[in-house]
Amino acid sequence: MSQHFKEPPQNAIADRGIGRVIPCKQLDASDPFKWLAQGGRDIMKTPGLTAFYGVIFALIPWLIVYLVQMTGWHLVIMPAMVCFMLIGPFLAAGLYDVSRELGKGHKPTLGHSLKAIKRNAVHEWGFGILLTVLMIFWLRVASLIHALYPPYLDETLEALLPFLLLGVAVGALFTLILLFISAFTQPILMERKVDLATAVMSSVNAVWVNKLPLLIWGAIIFTAVLIGFLTGFIGFLVLMPLIGYASWHGYIDTIATKRERKMP
């Protein structure tokens with residue numbers, strides 16, 4: 001059964017000298033919830049692989065917190081988060097491969113999913129470095145906002161409110177930028193032999209064309225991460241694989257191909 005285009009492929013931004021823009025399709029506001037349902041079905045079909053990746057995603061933040069508590073050295077957070085930002089795209093590629101194999105009617109395996117990280121390794125490393133640079137920049141801005149807080153003010157909500165609002169506004173801006181550049185970059189790099197600039201520009205274009213559905217999708221991801229932290233990272237055992245699988249289905253729904261995919 002062939003995949004149906006809701007709208008003809010379109011671009012909101014033009015190709016540039018550094019890369020081209022892969023056309024995207026028009027999405028509905030309800031599509032992110034459909035991706036979650038599809039991701040849930042993938043979990044039911046691959047409980048073993050889901051558990052493997054879920055444990056890794058849950059262990060990493062737990063390890064960061066453990067190192068801080070054990071050493072009392074909060075600066076350990078920085079190198080630990082840098083490492084996570086570098087390897088995160090590769091872990092996500094494994095999840096995407098699981099959903100991709102299911103979509104092709106194949107039986108996913110751990111070996112095959114781990115090999116997914118080597119298909120476009122140079123540009124995937126580049127993407128990890130890009131995320132790391134953004135994270136470091138955000139941490140520096142957060143430190144600057146903290147430094148602006150006068151030490152003589154009382155720690156009351158009224159005194160803290162201007163700085164809290166500033167922090168939330170800047171954090172929301174960085175989150176929005178991250179959504180634009182990362183929504184579909186990783187699955188594009190995993191499936192297609194394209195450069196990093198093409199993948200990032202295509203992701204930015206897709207989010208711009210589909211602002212409402214992708215903002216809903218971003219809110220879903222934020223909620224999943226929040227639940228993961230509130231549950232002491234236990235929620236990541238299921239939530240991170242669910243988001244990974246759903247992201248692949250979102251990519252299939254959003255980024256156009258020259259030929260329609262044949263689904264089993």
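UniProt numbering applies: residue 1 is where the sequence shown begins, and numbers increase by one. Here a beta-carbon is modelled for each residue, glycine too, at the ideal position from N, C-alpha and C.
Three-state secondary structure assigned by DSSP to residue i
i	result
Ile234	coil
Ile22	coil
Under 8 Å between C-beta atoms of residue i and residue j
i	j	result
Leu131	Ser182	yes
Pro213	Pro32	yes
Gly244	Tyr96	yes
Gln186	Phe127	yes
residue 269	Gln38	No statement about residue 269 is possible, as the shown extent of the chain runs from 1 to 264 and does not include it.
Phe233	Pro47	no
Lys45	Leu102	yes
Ile56	Leu242	no
Phe90	Ile117	yes
Val238	Gly94	no
Val21	Met201	yes
Leu27	Asn205	no
Leu173	Leu134	no
Ile220	Ser203	no
Beta-carbon proximity list for residue i, same chain, < 6 Å, skipping 5 on both sides
i	result
Gly250	Trp35
Gly167	Ile145
Ile227	Gly235
Phe5	Note that Phe5 scores a pLDDT of 47, beneath 50, so its modelled location is shaky; the value from the coordinates is reported in the next line. Lys25, listed in sequence order.
Thr175	none
Supposed close pair residue i, residue j - CB separation, criterion 8 Å
i	j	result
Phe184	Ile255	6 Å
Trp248	Arg100	6 Å
Ala51	Ile216	With 8 Å as the limit, Ala51 and Ile216 do not qualify as a contact, their Cβ atoms being about 28 Å apart.
Beta-carbon proximity list for residue i, same chain, < 7 Å, skipping 5 on both sides
i	result
Lys49	Residue identity differs from the one stated: residue 49 is Leu in this sequence, not Lys. Answer for Leu49: Val98, Pro108, Leu110, Ser113, listed in chain order.
Ala92	Gln186, Gly244
Leu59	none
Val141	Val170
Arg119	Met190
Close-in-space but distant-in-sequence residues of the same chain around residue i (CB under 8 Å, 5 per side omitted)
i	result
Pro162	none
His71	The identity of residue 71 in the sequence shown is Thr, whereas the question assumes His. Taken in chain order, the list of residues that qualify is empty.
Ala224	Gly235, Leu239, Met240, Leu242, Ile243
4 or more residues per run - each alpha helix (DSSP H) lying fully within the region 158 to 221: You should have 185 to 191, 196 to 209.
Go through the region 40 to 68 residue by residue and report every complete run of the beta strand (DSSP E) that reaches 3 residues or more, in order. Listed in chain order, the beta strand (DSSP E) elements of length 3 or more contained wholly in the region 40 to 68 amount to none.
Suppose only complete runs of 4+ residues qualify. What are the alpha helix (DSSP H) ranges in the region 89 to 132, listed by chain order? Counting only runs of 4 or more, we get 110 to 115.
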